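In the working numbering, the protein residues as written are 1 to 66.
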Amino acid sequence: MARSRKAGTTTGHGEVRRLWPAERDLFKAHLLRLDEVTRRERFGTAVNDDFLENYAVTTFGVGGLV
1 MARSRKAGTT TGHGEVRRLW PAERDLFKAH LLRLDEVTRR ERFGTAVNDD FLENYAVTTF
61 GVGGLV
């Protein structure tokens with residue numbers, strides 16, 4: 001499993017940094033840990049695990065931004 005590298009800008013609300021394709025599994029695991037309310041707030045609608053797994057895979061395509 002990939003390990004996250006700290007590199008980016010720290011803001012008052014967290015950290016903004018690039019996600020690398022090698023971190024896809026970490027990103028997917030993060031999304032799957034989100035509770036129902038947080039998922040709805042992040043995506044604007046209720047989403048299931050299948051949606052999140054697909055989102056994690058396709059986000060790292062050309063030009064993908066999180």
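Glycine included, C-beta positions come from ideal geometry on N, C-alpha and C. Just so we're clear, the structure is a prediction, and the values are computed from it rather than from any experiment.
- DSSP places Val-66 outside any alpha helix (DSSP H), giving it a letter other than H or E.
- Under the three-state reduction of DSSP output, Val-47 falls in the coil class, being neither helix nor strand.
- Counting the other CB atoms within 10 Å of its CB gives Ala-46 a total below 16, which places it among the exposed residues.
- In terms of Cα proximity to Phe-51, the closest of Val-66, Phe-60, Thr-38 and Leu-31 is Leu-31.
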